[in-house]
Structures are given as structure tokens and as C-alpha cells.
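For the protein sequence lines, the chains are A and B, in the order given. Following this note's numbering, the numbering of the first sequence begins with 6 at its first residue and continues without gaps. Following this note's numbering, the numbering of the second sequence begins with 6 at its first residue and continues without gaps. Note sheet for the following structure.
Protein chains: 2
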Amino acid sequence: MTDPTAARAAVPGRAVRTSGTVRVVGAGLLGASVGHALSRAGVDVALADTSPAQLRLAIDYGAGRAAADGDRPSLVVVCVPPDVVADVVEAELKAFPAAVVTDVASVKLAPLVELRSRGADLTRYIGSHPMAGRERGGAISARSDIFAGRPWVICRDGETRPSDLALVEALALDVGAVPIEMSPEEHDGSVALVSHLPQVVASLLAARLADAPEYALGLAGQGVRDTTRIAHSAPELWVQILEANAPAVVAGLDALAADLAGLADALRETERPGARREIAETIRRGNVGVERLPGKHGQRREFVSFVVMVDDVAGQLGRLFGDLGELGVNVEDLRLEHSPGAPLGLAEIAVDKGTLEAAVRGLEGRGWRIASTDDE
Amino acid sequence: MTDPTAARAAVPGRAVRTSGTVRVVGAGLLGASVGHALSRAGVDVALADTSPAQLRLAIDYGAGRAAADGDRPSLVVVCVPPDVVADVVEAELKAFPAAVVTDVASVKLAPLVELRSRGADLTRYIGSHPMAGRERGGAISARSDIFAGRPWVICRDGETRPSDLALVEALALDVGAVPIEMSPEEHDGSVALVSHLPQVVASLLAARLADAPEYALGLAGQGVRDTTRIAHSAPELWVQILEANAPAVVAGLDALAADLAGLADALRETERPGARREIAETIRRGNVGVERLPGKHGQRREFVSFVVMVDDVAGQLGRLFGDLGELGVNVEDLRLEHSPGAPLGLAEIAVDKGTLEAAVRGLEGRGWRIASTDDE
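See below:
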């Protein structure tokens, strides 16, 4: 219902690295978003899609123009489902012998192995993976900003020419992403750990709720909600992603299963010497792991939070953030906590450690009830 | 650093159901919070704790007065760690033969079984469990509002007298909670599913990150962050909780392990007939489970969300919520999404389906960039 073509004019004063025509194959969420971002930067984007309806939609929304016979792209970006990546990359390498071909699939080793087995020209293929996406797919969900500040992994191997690598890096930079070089193996192991395993775990946990009694669900709090949030994901897409990265995911699942079995055994016999220590170690190692996740902006700066009581009214949040703005406090993170059945809410606000005191005193001076702070 | 005694005066015009003295044993987070809430409502709260320092702190913060020899409480609320609940409840039943004794431990069957085996007077013991808490414990983190709108499970059995049950219900209502009756078995199974299993799963998943290479963690997004958020929990507390509810937790872990093994097998042989269907079913059953979780306010009203681009500045959020307030839009949920390294942020705002269009049009009319909406 909103019009994504609004504010699509080229951003003045921004240097664009990509030159010539970029051909984008596949006008779904990622392809159309690449198209939006490049078009917005003034780059000529030639779009192709096996679905004429999807293609027309992406063009209508401003992702580029339809690919034409005389196109001579310097770069081809393949944005198709994982199961056809190798086919499409192979075809594009043949159709455009002067172009560098990249893809954006979320798994990088399987397509490379497949292309190698087919004797494709791997000097011109550079796999890549923007760590961006949304829960909903399709050209209609595309937007030019989904790559902003996100890592865009680029996989080089021995056959890659530096000048070709520079083309893909320019693409990543032009859509606002942060290019990161990795081997295909490093990439696949990484996404298995920080993306595929969390997805599977969230789905398996949420599946336990499918047959749960209604009264049990009534006791659900924020913890289970957070832990299962990504279980909303689409089965069709995830079958492909998990299959394409099966070895790395299976390795992660096996390690997890061993840990889980150890914990279950300890809980079966808590009186056994060492059992309680094993249980504590599970939670403690979780502490260590979660602490290692980079915070906002990829940094591990120290943020502290405090909780403000608010009514369930947008106007109150408006006043709160207005007051914080007047106090010169930068909000680093924000979480609204709701009490089932209650009209009030709690806003947990994270700020830089240095500004906590000023923020809390300032808000109290303006009549806000601060429920708690991190450093009490 | 904030003064929790502020705004601790009895709320005028609010009917208080609890009468007489309430004795609270254990002045940690929950005990002191019960004390705060009851004191605020004008109830006489007599506090006891084995730690004189903890007791003094709770009293200083306004949670009640020190228990005295002549106290004749009508109700005793035992708020001690799970491993000593049965001991303390037994002692309190003996010390105050006219009082009803309840506890707030997160597991309900184990203390009941233990008390029964000791021949305690179970007509006067009613186990209960407020579904409230914070990541940090101690009297210093206590606040009177942590029970507001939260379920407070009350476990009755055949020996419970209705008038005694009413005392515990009055306590729950007076601190702002929603009393819910359940059997101890129903309670323990429910919390295993919606609290203990999510905790264990989050910890096991986060533990996989403890030895992960730095470059893998650099690719972490919101999904893994949400899925592992509760892995920050304290090992000491969770050893006790998991041990006390071990049978229900083990049953959940075994079921989870079976599902996990099935998925890993399917991923080991994706070409086997039915394997892909098994993978898809895992994700689909996760969809079903997560959809069953009640939303805010315990209801399943249909909320839709849209995403607004904001700078990383409190003032901008202030203007946004100010605008939403002027537009008469009630914000049902809110999530700030950050792009690592980027100065901009995305605010995902959930509103009632009926107000989505007015909210989006109104905000666009005021110059906001709406990145996407749910119903595009």
C-alpha cells in the first residue's frame, strides 16, 4: 500500500563505484532490492525473471528496466532460489562471456562445487552473500535499504582476478553494505552457526508448542517469544537453504544433540557426582556464547539499560522520546515489554554507560517513573 | 541509583483485599517486590531473611518492616531459593499455626511431595507461582510493579480450603497480578514448556557460539540475537530450577532430541524419499507452534506492522511517537532494528489492523519514510 518508488531519486553527492549495466537475474526480494538500490544510485539495471508477472511488478516498483537483447553487462547478479543457482550462474557465464557473475545465495560451497563439476569458467564467477533479508519475500517487499550497513560476504578462491573481485565489492558498497572476504567453507560454517542452527532450534522449540495445552501457553512470557520469533519463517525457502548447507548444519545439530543428551542425562540423575556441575556448565557456557555476539553497530560498546513505565499510548512514548531528545540522550536500543491483560507497559531503554545518570535523573525530573536501572 | 521509595505512597481509591499482617520470608527480588507492592497498598508487611544485610536493604528500600516476635500473620509468603522451599514452608507452618503459607517458587510439585512426605499440615499450604522476574536478582532490583498484569498461578489440591485459597488470590490481586488456578502437575508441565525448555535451548544454542571463530560472529543478525537472549541467565539459579522440575524438563528435552535427530537424519540424506518433506514439516510445525503463543495482553488480536526509517537519535523517535500520538494511533509493539556499522535504524511498529492505513498515510504525510508494511 505504500509507494516504494517515493524517494527513489539518485542521492546527490554520493560517489557511485559501479559503472555500466548491471544485469540482475531474479526479481524477488533480494534481486528487486539490489535493483532498487542501484537504480537509486543512478546505475543502469537490466532485470530478468522467469516470471513475467514478477518482472513487471519489480519494474513498476522502480527496480530497473527489462533486460534487452543488446545488453552488455559488466556484472551479472544472480538472485534466484538456492536450488537453481548453479544452473542460472552457468547459463549467465555462457551468455555474457565478458561479464563477472556473482550470486546472492545463502550457501556458497555447494554451487561452487556444482559449477566446478560442470567445467564452468570459475575465473569469472565470484559467489557472494548479503546478510540481509526479510521474513516476507517477493519483489513487492523489496526495498533499497535492506543492505544498509549489513555484511556482504564475498567468496574469493585461487581463480579469482582482483579486478573482478573489485566489481563485486563495488556492488556491495554501492548498495550500502559492508564487504567481507571469506572462503566458501568459512562462510558456510559461519551461517550454519549464526543463522541456520538458530532457525532450526527456534523451529524445533516452537514445534513443541503446537500440541501444548491452552493453559500452558497462557503462561508464556517474553523469553519463549524471543526464542521462537524466527520460527515464523517459510518452510519452502528453508528446505532449500538447509539442504544446500546440509553438511555444516548437520555438524552443528550433532554437536547440539550431544550437549542436549548430556544435559538430559544430568537431569535424570541430579544426585550423581558432577551432575549439577554439568547443568550449571550448560548455562554458563551459554552466558559465554551470548556475550560474544557483537552488539549494535558491530561493536561491543558497553550499554546499560533502565526501565520506564509507560501507558499503552503512542502519545506517552512520544513524550518520553521527546524528553530524551531534549535531554540529549541517544537511545541505543529499545524494548517494549507488555504485561498480558494490563494496560501499562515497560520501555527498556539502553543508553551509553556515560549518559545513564543524566538520562535517569532528567527523566525523573520530568515526572517519569523509572522502574529500575542496570547499575542499581 | 534511582530511589525506589519514590511514589511508594498507598494508591488512593484502590480497594485492598489483604488484611492483617503478611509475613514475607526471603527478601530477595520476589520477596522484596511483594513487600513493596503490599506496603504501597497500605498492608503491614513483616520481613524476614537469613541474611541481615539483605533484610536491612529491603527495609531501607521500603519493602516493609522487620518481623517481630509478637507477629500474628494471616498469610506467610515464602520467597526463598527452590532448594530450601520445603524446609522453610514446613518451619513456617509450625511457627504460625493460624496462618496460611504460600510460596512463590517456580516449581510446584517437588515441594508439595516433599512436604507431604514430612507429614506437614497441607490444608494450610497453598503453592503459588507469580510469572514475574527479572534477569537480575536481589532486594535492590525489587520493584512493586513486576507482578502487574502477570499470571500468578495458584495450585490447589483436595486438601485446600476455599477461604484459604481466597487469601492467596487476594495477595495476587493486591500486587496487581492475575490469579490462575492449576494443579501442581499442570503448572510444572506448563513452565517446563514455556520457560524451562526455552531457557535450556537458548543456552545450548548460545554455548555453540562460545568457541566460534570471530568472523562467524561478525555475520550474526537479529535472529540469533533473539534466539539466545535469555542465555544471559544465572547458572546458580537455573541449576535449582531445572533440578526441581527435572522430570518435566527431561520429557521435553527427550521429545526435542527425537525431533532433532529426525531432522539431522533427513539432512544427511536429502535424496531419500520423504526427507525434504520431513525438513519442511519441522519448519511448518514451528510455524504452527509460534502462532499459538498469545500476543500482548494475552489476546490474539490481529496486529500488523510497518517499518519506519529513523536516524539513531532519541529526538527522531520522539517526533515519530509524537506524530503517532497526534494521529491517534496506539502502538501495540515496537522493535528497533539496527544495522551494524550504519547510523540509521529501522523502527518496526505493530498496530491494530484497523489503524494501519491511517498510521502509514498519516506518517507519510508528515514526511516519514515507510520502508515496508505487512499488508503490501
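Idealized CB from N, CA, C, for every residue including glycine. All values reported here derive from a predicted model rather than from experimental measurement.
Where V105 of chain B is concerned, the enclosing beta strand (DSSP E) starts and stops at 105-108. At a cut-off of 8 Å between beta-carbon atoms, R277 of chain A makes no contact with chain B. Following the DSSP letters along the chain, one finds A280 of chain A inside the alpha helix (DSSP H) bounded by residues 280-297. According to the DSSP assignment, Y220 of chain A belongs to no beta strand (DSSP E) but to the alpha helix (DSSP H) extending over 219-222.
Put simply, the CB of E97 of chain A is far from chain B, with every gap to its CB atoms at 8 Å or more. What R230 of chain A touches in chain B, judged by beta-carbon distance under 8 Å, is L298, going in chain order. Non-local beta-carbon contacts of V93 of chain A in its own chain, meaning distances under 7 Å to residues more than five positions away in sequence, involve V30, V83, V85 in chain order. Contact with chain B is found for G223 of chain A, since one of that chain's Cβ atoms lies less than 8 Å from the residue's Cβ. Excluding the 5 residues flanking it on each side, P189 of chain B has same chain C-beta neighbours closer than 6 Å at K113, L114, L117, C160, in chain order.
Legend: CB atoms of the stretch 242-273 of chain A lying less than 7 Å from CB atoms of chain B belong to residues W243, V244, L247, E248, A251, V254, V255, G257, L258, D259, A260, L261, A262, D264, L265, A266, L268, A269, L272, R273. Using beta-carbon distances, S56 of chain A does not count as an interface residue toward chain B, since no partner is under 8 Å. Taking 4 residues as the shortest admissible run, the stretch 181-210 of chain A contains the following complete alpha helix (DSSP H) segments, listed from N- to C-terminal end: 189-196. Rounded to whole angstroms, L170 of chain B and S200 of chain A show a C-alpha spacing of 48 Å. Put simply, the CB of R28 of chain B is far from chain A, with every gap to its CB atoms at 8 Å or more.
Following the DSSP letters along the chain, one finds A53 of chain A inside the beta strand (DSSP E) bounded by residues 49-53.
Taking one beta carbon from each stretch, the stretch 325-340 of chain B and the stretch 270-283 of chain A have fewer than 3 pairs nearer than 8 Å; the two do not touch. Assignment of E274 of chain B by DSSP, reduced to helix, strand and coil, places it in the coil class. Contact between the stretch 173-187 of chain A and the stretch 123-139 of chain A is present, with at least three C-beta pairs closer than 8 Å.
G194, S195, V196, L198, V199, S200, L202, P203, Q204, V205, V206, A207, S208, L209, L210, A211, A212, R213, L214, A215, A217, P218, Y220: these are the residues of the stretch 193-220 of chain B whose beta carbon lies less than 8 Å from some beta carbon of chain A, given in chain order.
When CB distances to chain B are screened at a threshold of 7 Å, not a single residue of the stretch 34-53 of chain A falls below it. Contact of S79 of chain A with chain B by beta-carbon distance below 9 Å is absent, the smallest such distance being about 27 Å. The three-state secondary structure of T128 of chain A, taken from DSSP, is coil.
DSSP places E164 of chain A outside both helix and strand once states are collapsed to three, so it counts as coil.
By a beta-carbon distance limit of 8 Å, A253 of chain A does not contact A207 of chain A. Their separation comes to about 18 Å. Beta-bridge pairing by DSSP links E97 of chain B to no other residue.
In the three-state reduction of the DSSP assignment, A20 of chain B falls in the coil class, being assigned neither a helical nor a strand state. Scanning A:L222, A:L339, A:A58, A:V312 for the CA closest to the CA of R366 of chain A turns up A:V312.
For V112 of chain B, there is no enclosing beta strand (DSSP E), as DSSP marks it with neither H nor E. Contact annotation: A263 of chain A and N292 of chain B have beta-carbon atoms that are not nearer than 8 Å. With a cutoff of 8 Å on beta-carbon distance, T23 of chain B and L52 of chain B are scored as not near each other. Between the alpha carbons of I151 of chain A and D54 of chain A lies a distance of about 21 Å. Apart from the 5 residues on each side of it in sequence, G69 of chain A sits with its Cβ closer than 6 Å to the Cβ of G40, S44, V50, L52 in its chain, given in chain order. In this model, A352 of chain B and L361 of chain B are separated by some 15 Å (Cα to Cα). Taken atom to atom, the span from the alpha-carbon of E276 of chain A to that of E248 of chain B is near 10 Å. If you look at T360 of chain A, you'll find it isn't in any alpha helix (DSSP H); DSSP assigns it neither H nor E. P102 of chain B carries a coil assignment under DSSP once its states are collapsed to helix, strand and coil.
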